[in-house]
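Residue numbers (my numbering): 1 to 439.
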Amino acid sequence: MHRLPAALLLVFAATPAISAETATAPTPVVLHCGHLVDTVAGRLLGETTVVTEGKRIRQVQAGRIDIPGARTIELGGATCLPGLIDSHTHLTSETSPTGYTDQFRLNPADYAIRSTVYARRTLDAGFTTVRNLGDSANTSIALRNAINAGIVPGPRIFTAGGAIGTTGGHADDTDGYRADLQGDPGPKDGIINNVDDAYKAIRQHYKDGVDVIKIMPSGGVLDESSSVDNAQMTIEEIKAIVAAAHDYGFTVAAHAHGAEAIRRAVIAGVDSIEHGTFMDDADMKLMKEHGTWYVPTIVAGKYVQEMANVPGYYPAQVAAKAKQVGPIIQATAGKAYKAGVKIAFGTDAAVYPHGRNAQEFAYMVEAGMPPMFVLQAATTHAAELLKKSKDLGSVEAGKLADVIAVEGNPLDDIKRMQKVGFVMKDGVVYRLNGQTPSP
1 MHRLPAALLL VFAATPAISA ETATAPTPVV LHCGHLVDTV AGRLLGETTV VTEGKRIRQV
61 QAGRIDIPGA RTIELGGATC LPGLIDSHTH LTSETSPTGY TDQFRLNPAD YAIRSTVYAR
121 RTLDAGFTTV RNLGDSANTS IALRNAINAG IVPGPRIFTA GGAIGTTGGH ADDTDGYRAD
181 LQGDPGPKDG IINNVDDAYK AIRQHYKDGV DVIKIMPSGG VLDESSSVDN AQMTIEEIKA
241 IVAAAHDYGF TVAAHAHGAE AIRRAVIAGV DSIEHGTFMD DADMKLMKEH GTWYVPTIVA
301 GKYVQEMANV PGYYPAQVAA KAKQVGPIIQ ATAGKAYKAG VKIAFGTDAA VYPHGRNAQE
361 FAYMVEAGMP PMFVLQAATT HAAELLKKSK DLGSVEAGKL ADVIAVEGNP LDDIKRMQKV
421 GFVMKDGVVY RLNGQTPSP
């Protein structure tokens, strides 16, 4: 008798048998919301019933309706919204005064285990979807797969794996290492120095199984080099990355603080500019012309500025860069909004502690953006940036059953978004009355 390979035996052993019970249609869930934020029309609706079935929204109807046999969840006077989208996270790490030495003490497995905690905090905060823009050892790919398989709870992840940059640039993890540990990272590690390298790096990322591409065409705050804003990629290199990425169906997010790096990235065709601290009027005009998205990450700038004043929290050169960025990033976001640049919500989670993502809403409003606009930035706008508007961004029949709720009206007080009491993702309730429901 022919023996099956061990790997196939494991697959068969792990596959549940199909029974009459598992084959039946899922029980509908009825949500009675005091209000609903219509993120498409940009208005607050009154009492609304949302009916979900399986992973999808089946029905959205004004007023209160009941369905015999359905599970009913009473949300009282709470306001329901679509599950939120954070367009810029790093779920596999978190800020720490020991962060620069931890990389020599912790294994990839340590970061992977911690990432499950950060993922849960993010989901509990009402963020049911994230773009994860950079990690080490592709740990976010493993985290995404574990969440998709139902092994651990967390947001839906679209991950870039490791970021792509140049030798000594913001993506070069060996910055600050002593000479015998630096090595010579190459395209397989996400470090490129010419057009051919760019193509190889994209193809490696495709092989690794990423969803999006993240590049570093400018300096950054937290690496151990001297500049936060210098241009670190040629326009030819960026064009090659974008061309290769678009061939493979990837969008490209560009970390860029400096005006020249932003200019090059926009001309080269990237899909979004992240941070954009020193963006000037010419950059904003160019972004409007090209339809380039902007993801401000104000909360990260505020946090690094604060921690730069804590002795020893950052290396000296990092603290100096943080003090440059912190006071400027919010004002830049406000100017970009007034200039009509397309804005999607993103926070750079990990630069500040995970779970505080919703602080960004208040900072965006302080920068001059209306409350409804900032909610749309984290829903319809972010879904459009992800090219997932068919499934995400609004509470509508046919879309994925991602629904959250907060007490009161967040349009009157945007800080209410920092206290999410109800979270449903893919039709599964992960938070109810501010608590994790019992299995």
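All C-beta atoms in this analysis are idealised placements derived from N, C-alpha and C, irrespective of residue type, glycine included.
CB of residue i within 8 Å of CB of residue j, strictly
i, j, result
"residue 65", "residue 79", "no"
"residue 231", "residue 258", "yes"
"residue 158", "residue 213", "no"
"residue 414", "residue 126", "no"
"residue 229", "residue 218", "yes"
"residue 233", "residue 203", "no"
"residue 342", "residue 381", "yes"
"residue 301", "residue 329", "yes"
"residue 46", "residue 32", "no"
"residue 124", "residue 416", "no"
"residue 128", "residue 181", "no"
"residue 201", "residue 190", "yes"
"residue 253", "residue 271", "yes"
"residue 312", "residue 153", "no"
"residue 130", "residue 92", "no"
"residue 245", "residue 195", "no"
"residue 322", "residue 308", "yes"
"residue 315", "residue 224", "yes"
Nearest to residue i (by Cα), restricted to the options the options
i, options, result
"residue 334", "126, 275, 412 and 238", "275"
"residue 303", "45, 71, 46 and 94", "94"
"residue 401", "370, 392, 409 and 70", "392"
"residue 57", "398, 27 and 199", "398"
"residue 442", "298, 262 and 39", "Given that the chain is displayed from residue 1 to residue 439, the structure contains no residue 442 and the question cannot be resolved."
"residue 366", "299, 55 and 154", "299"
"residue 262", "206, 326 and 220", "220"
"residue 286", "339, 178 and 253", "339"
"residue 395", "427, 418 and 373", "427"
"residue 74", "98, 60 and 30", "30"
"residue 135", "408, 238 and 350", "350"
"residue 389", "46, 82 and 248", "82"
"residue 87", "429, 100, 409 and 378", "378"
"residue 171", "180, 161 and 178", "161"
"residue 53", "383, 273, 71 and 128", "71"
"residue 327", "355, 363 and 356", "363"
"residue 107", "137, 429, 118 and 434", "137"
DSSP three-state assignment for residue i, whether helix, strand or coil
i, result
"residue 21", "Note on residue 21: pLDDT 43, under 50, position unreliable in the model; the coordinate value appears next. Residue state, collapsed to three classes: helix."
"residue 277", "coil"
"residue 446", "Since the first residue of the chain shown is 1 and the last is 439, residue 446 is not available in this structure."
"residue 140", "helix"
"residue 160", "coil"
"residue 423", "strand"
"residue 82", "strand"
"residue 232", "coil"
"residue 31", "strand"
"residue 170", "coil"
"residue 294", "strand"
"residue 256", "strand"
"residue 238", "helix"
"residue 74", "strand"
"residue 60", "strand"
"residue 65", "coil"
"residue 431", "strand"
"residue 192", "strand"
"residue 222", "coil"
"residue 437", "coil"
"residue 16", "With a pLDDT of 44 at residue 16, under the threshold of 50, the modelled position of this residue cannot be trusted, and the question is left open."
"residue 286", "helix"
"residue 418", "helix"
Limits of the alpha helix (DSSP H) - the one that residue i falls within
i, result
"residue 123", "108 to 124"
"residue 301", "298 to 307"
"residue 40", "Careful: residue 40 lies outside any alpha helix (DSSP H) and carries neither H nor E."
"residue 101", "99 to 102"
"residue 182", "179 to 182"
"residue 199", "195 to 208"
The beta strand (DSSP E) enclosing residue i, as first and last residue numbers
i, result
"residue 215", "213 to 215"
"residue 325", "First-last for residue 325: 316 to 325, but that is the alpha helix (DSSP H), not the beta strand (DSSP E)."
"residue 248", "Run containing residue 248: none; DSSP gives neither H nor E here."
"residue 53", "48 to 53"
"residue 270", "Run containing residue 270: none; DSSP gives neither H nor E here."
"residue 313", "Premise fails: residue 313 is in no beta strand (DSSP E) and is neither H nor E."
is_contact[residue i, chain C] using C-beta, thresh 8 Å
i, result
"residue 243", "You won't find chain C in this structure, because it holds only one protein chain."
Q) If you scan the stretch 330 to 408 from start to end, which runs of the alpha helix (DSSP H) of 4 or more residues do you find wholly inside it? A) Taking only runs of at least 4 residues, the alpha helix (DSSP H) segments lying wholly in the stretch 330 to 408 are 359 to 366, 371 to 377 and 380 to 386.
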